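S.K.: The structure follows.
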Amino acid sequence: MTGVRVLVGTRKGAFVLESDGKRQSWTVNGPLFGGWELYHLKGSPADPNRLYASQGSGWFGQLIQRSDDGGKTWQAMGNQFTYDGATGTHQWYDGTPHPWEFKRVWHLEPSLSDPDTVYAGVEDAAMFKTTDGGQSWHELPALRNHESGSNWAPGAGGLCLHTIILDPRDERRIVIAISAAGAFRTDDGAKTWRPINRGLKSEGIPNPNAEVGHCVHHIAMHPTRPDVLFMQKHWDVMRSNNGGDSWEEVSGNLPTDFGFAIDVHAHEPETIFVVPIKSDSEHFPPDGKLRVFRSRSGGNEWEPLTKGLPQRDCYVNVLRDAMSVDTLDPCGIYFGTTGGQVYGSADGGESWTPIVRDLPAVLSVEAQVLK
Amino acid sequence: MIRVVLPAHLRTLARVDGEVSVDVEGQATVAAVLDALETQYPVLRGTIRDHVKLTRRPFVRYYACEQDLSHDPPDTLLPGPVVKGDEPFLVVGAMAGG
C-alpha cells in the first residue's frame, strides 16, 4: 500500500510523520535525538528505507546518523569532516581573512542510484562525499579551492553550502549553492567548478552583477527537466533554462520576492511554490498572513494559496530546506515553520492542513513516497 | 580502572547507563583517559574534542575532585583519588544555551 513519510528536522530533534496515500490522517513519531539540532534528514532515492540525518549541537559537534529501516532504528556513523589539504582563508563579515573552519553539515544529498553514496554540504562552505554509507567522509576540495574561494563571505547564517542538486541524466553534473557566494556547477564529478550566477543582481554587494558573492537561498529542479532551475535568492526569484548558465528574474507579482524555500510540483515542471517573507530584518510573512505562492507558468505570474493557512497574526519563517513535495497524484506539498508547524497539502496546494502544530522550530522537511 | 561520568547526551550516544570505566595504560593523564574512552566508545570521537587537533570542544569541561581540569595541559596527571577509582573523572556539557 502506498504511503508517505515526511522527515522533519528541528532545532531540538527529528520527527517522522507518516500517512497512507490519502494523506488525511498522520502519525507523528519523535522526538528522535531530542535536544540536538537536526539540520537535515533525507532518504536515499535508491532505497527509501535508508535514511541519513545531520545531527549536531553547540556542545558536542557534528554527528551523522543512518537508518536502514525507515527510521525505526539509527546508528551513528562517521563524523570526521576534515578539509583536504591547506584550508586557507575566506572573507569574514568585516572583510578580513578568516580561516576555513568546519562547523556543521547543512544538507545531505543521497546519490540517485547508490544508497551508500551521499554528498554533504557543510559550513564553512565545502562539499564532502561518502561512498561507504557514511562511515567515512572525504572532501571534494576543488570547490573550496575555486579561485574565488578566498573572497567568499558568510551570510547571516554562516558560510554554508546548503543546496546540492544531482542531475538525473548524469550524476557527475551537480549544482550547489552557498550563502553568500552564489551558485556553482560541476560537469565532471566535482573535479572542476564554475560559478553560475550570470543574471543575478544583488544590491547589497559592491558590484551588484558580480560573478560571485550572491546570497542564493535555495534552488529547485524538476527531475524531467534538469536544465531548468528555479532559485530563491535573498531578494528575487530567478529562473534558468540552461543549467544556470544564465538567469532571469521571475518574481513578477509576488508581494515580496524575499524568501528561503522554493520547490517544483512533482508532475508539472512549470508549477513552482515559494513562501514570500518580509525582509531585510523581519523575516516573517507580510501582513501576518502565511501564504504559499504558486506559479503555473514557471514564474512571473503568481497566485496566493491560503486555504487552511493562518491569515492573521502569523509571524513565523519558512527556512530554505523546509519545503518538499511528494510524487503522488495529486502532488503533495509540505512545509515547516520556525513556529513548529508542519503544513501539508494533498491537492497541489489548493488547501492546507497542519499535520502537527507545536514542534520545535523546523529546519528541514523531506517527503518520501513508500510503495 | 578510571571511572568516567559522561553528560546525558553522550551516554545516550554511547548507549551506556551511568558511569563508564576505562583502562589506561601508562600514566593516567587527561589525554590518556580520553584516548581510552574514545577507543572503547568510538562514537564519542569528535564530540568531546576535535578529531585532529584533539583540543577540547569549547562547551565541554573536565572536572575531577572538585577541580576544573579543563584548562590544564592534556598531559596533566589526574588526581590520586581518580587514579585509584575512588572518584570519577567528569566530562561536563556547559550549562549554557537554549
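Chains W and R are the protein sequences, given in the same order.
In terms of the working numbering, the first sequence is residues 12 to 382.
In terms of the working numbering, the second sequence is residues 22 to 119.
Ideal placement from N, C-alpha and C gives every residue a C-beta, glycine not left out.
Please read all numbers here as calculations on a predicted model, not as lab measurements.
Pull up the CB-CB distance for residue 57 (chain R) and residue 45 (chain R), whole angstroms please, since I reckon it's below 8 angstroms.
M.R.: One-based indexing of the second sequence puts residue 57 (chain R) at position 36. One-based indexing of the second sequence puts residue 45 (chain R) at position 24. That belief holds up - the Cβ atoms of residue 57 (chain R) and residue 45 (chain R) are roughly 5 angstroms apart, short of 8 angstroms.
S.K.: Within 8 angstroms (strictly less), CB to CB, does residue 87 (chain W) reach chain R?
M.R.: Along the first sequence, one-based indexing puts residue 87 (chain W) at 76. Interface residue, yes.
S.K.: As an exercise, report each continuous alpha helix (DSSP H) stretch of at least 4 residues that is fully enclosed by the region 83-164 of chain W, in chain order.
M.R.: For the region 83-164 of chain W, not a single whole alpha helix (DSSP H) run of length 4 or above is found.
S.K.: For residue 340 (chain W), which residues from the same chain have a beta carbon less than 6 angstroms from its beta carbon, with the 5 sequence-adjacent residues on both sides left out?
M.R.: In the first sequence, the residue the question calls residue 340 (chain W) occupies position 329. Result list for residue 340 (chain W): empty, nothing under 6 angstroms.
S.K.: So is residue 78 (chain R) in contact with chain W if we call contact Cβ pairs under 8 angstroms?
M.R.: If you number the second sequence from 1, residue 78 (chain R) lands on position 57. Taking Cβ atoms only, chain W reaches closer than 8 angstroms to residue 78 (chain R), which makes this a yes.
S.K.: Report the option in W:374, W:120 and W:139 whose CA atom is closest to the CA atom of residue 22 (chain W).
M.R.: Residue numbering aside, residue 22 (chain W) sits at position 11 when the first sequence is read from its first letter. Residue W:374 is the option with its Cα nearest to residue 22 (chain W).
S.K.: Check the Cβ of residue 73 (chain R) against every Cβ in chain W and list those closer than 7 angstroms, keeping chain order.
M.R.: Looking up residue 73 (chain R) in the second sequence gives position 52. Within chain W, the residues near residue 73 (chain R) are 93.
S.K.: Closer than 7 angstroms by beta-carbon distance: list the chain A residues that pair up with residue 139 (chain W), in chain order.
M.R.: Included in the structure are the protein chains W and R, with no chain A among them.
S.K.: Are any of the Cβ atoms in chain W nearer than 8 angstroms to that of residue 106 (chain R)?
M.R.: One-based indexing of the second sequence puts residue 106 (chain R) at position 85. False, the Cβ-Cβ gap to chain W never drops below 8 angstroms.
S.K.: Are at least three pairs of beta-carbons, each pair with one atom in the region 209-225 of chain W and one in the region 274-288 of chain W, less than 8 angstroms apart?
M.R.: Result no; under three Cβ-Cβ pairs closer than 8 angstroms.
S.K.: Rounded to whole angstroms, what is the Cα-Cα separation between residue 73 (chain R) and residue 90 (chain W)?
M.R.: Residue mapping note: residue 73 (chain R) aligns to position 52 of the second sequence, counting from 1. Residue mapping note: residue 90 (chain W) aligns to position 79 of the first sequence, counting from 1. C-alpha separation (whole angstroms): 12 angstroms.
S.K.: Is it buried or exposed, residue 120 (chain W), if we count other Cβ atoms within 10 angstroms and call 16 or more buried?
M.R.: Against the first sequence, residue 120 (chain W) aligns to sequence position 109. Buried, by the Cβ-count rule.
S.K.: Is residue 298 (chain W) helix, strand or coil by DSSP?
M.R.: Numbered from its first residue, the first sequence carries residue 298 (chain W) at position 287. In this structure, residue 298 (chain W) counts as helix in the three-state DSSP scheme.
S.K.: Residues in its own chain within less than 7 angstroms of residue 98 (chain W) by CB, not counting five upstream and five downstream?
M.R.: What you label residue 98 (chain W) is simply residue 87 of the first sequence in a count that begins at 1. So the qualifying residues of the chain are 110 and 111.
S.K.: Following the continuous alpha helix (DSSP H) through residue 61 (chain R), name the residue where it begins and the one where it ends.
M.R.: In the second sequence, residue 61 (chain R) corresponds to position 40, counting from 1. Its alpha helix (DSSP H) spans residues 51-61.
S.K.: Could you tell me which residues DSSP pairs with residue 205 (chain W) in its beta bridges?
M.R.: On the first sequence, residue 205 (chain W) is found 194 positions in, with the first residue counted as 1. For residue 205 (chain W), which the question treats as bridged, DSSP gives the partners W:196.
S.K.: On the DSSP letters alone, give me the boundaries of the beta strand (DSSP E) that residue 32 (chain R) sits inside.
M.R.: Locating residue 32 (chain R) in the second sequence gives position 11, where the first residue counts as 1. Where residue 32 (chain R) is concerned, there is no enclosing beta strand (DSSP E), although the alpha helix (DSSP H) it sits in stretches over 29-35.
S.K.: Taking buried to mean at least 16 other C-beta atoms within 10 Å of its own C-beta, is residue 79 (chain R) buried or exposed?
M.R.: Here residue 79 (chain R) corresponds to residue number 58 of the second sequence, with the count starting at 1. Exposed is the call here.
S.K.: With a cut-off of 8 angstroms, do at least 3 Cβ pairs link the region 37-56 of chain R to the region 360-379 of chain W?
M.R.: Flag = no, the region 37-56 of chain R and the region 360-379 of chain W do not touch.
S.K.: Could you give the DSSP three-state label for residue 280 (chain W): helix, strand or coil?
M.R.: Looking up residue 280 (chain W) in the first sequence gives position 269. Residue 280 (chain W) falls in the coil class under three-state DSSP.
S.K.: Report the partner residues of residue 327 (chain W) according to the DSSP bridge assignment.
M.R.: Here residue 327 (chain W) refers to the residue found at position 316 of the first sequence. Residue 327 (chain W) pairs with nothing; no bridge assigned.
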